[in-house]
Amino acid sequence: MTTLQRNPGQVKSAAQDSVVRITEQGVGAYVFCSEEAFERRIAAEREDAAFEARLSEAVGRGIADIEAGRFTTSVDDAFQRAAELRRERA
480 MTTLQRNPGQ
490 VKSAAQDSVV
500 RITEQGVGAY
510 VFCSEEAFER
520 RIAAEREDAA
530 FEARLSEAVG
540 RGIADIEAGR
550 FTTSVDDAFQ
560 RAAELRRERA
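Position one of the sequence shown corresponds to residue 480 (my numbering), numbered consecutively onward.
Here it is as structure tokens:
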């Protein structure tokens with residue numbers, strides 16, 4: 480007998496807010512959630528995937544910059560370069 484059979488109200492209540500996983504003898508069997516919880520979960524996963532893609536792209540650009548010698552090890556040099564870029568783009 481599963482929790483869904485024993486306590487359907489409790490499962491439904493929990494499924495209103497998030498994804499509920501019910502296992503049978505330790506093996507994944509069922510997943511329940513409300514449509515709203517499902518939509519929230521999909522939106523969160525999309526945001527996470529977009530963040531991961533942006534992060535991966537930024538790291539890739541950083542690696543390319545280092546390989547091309549576009550980096551500095553001095554704070555003063557970094558501020559000087561930032562000022563140069565601001566003047567160029569003004």
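Note that CB positions come from ideal geometry on N, CA and C, so glycine has one too.
By the criterion of at least three beta-carbon pairs nearer than 8 Å, the segment 515-526 is in contact with the segment 493-505. Beta-bridge partners assigned by DSSP to residue 502: 507.
Sequence-distant Cβ neighbours of residue 559 in its own chain, meaning closer than 7 Å and more than five residues away, do not exist here. By the neighbour-count definition (other C-beta atoms within 10 Å, threshold 16), residue 499 is a buried residue. Scanning the segment 503-563 for uninterrupted alpha helix (DSSP H) segments of 4 residues or longer gives 514-546, listed from N- to C-terminal end.
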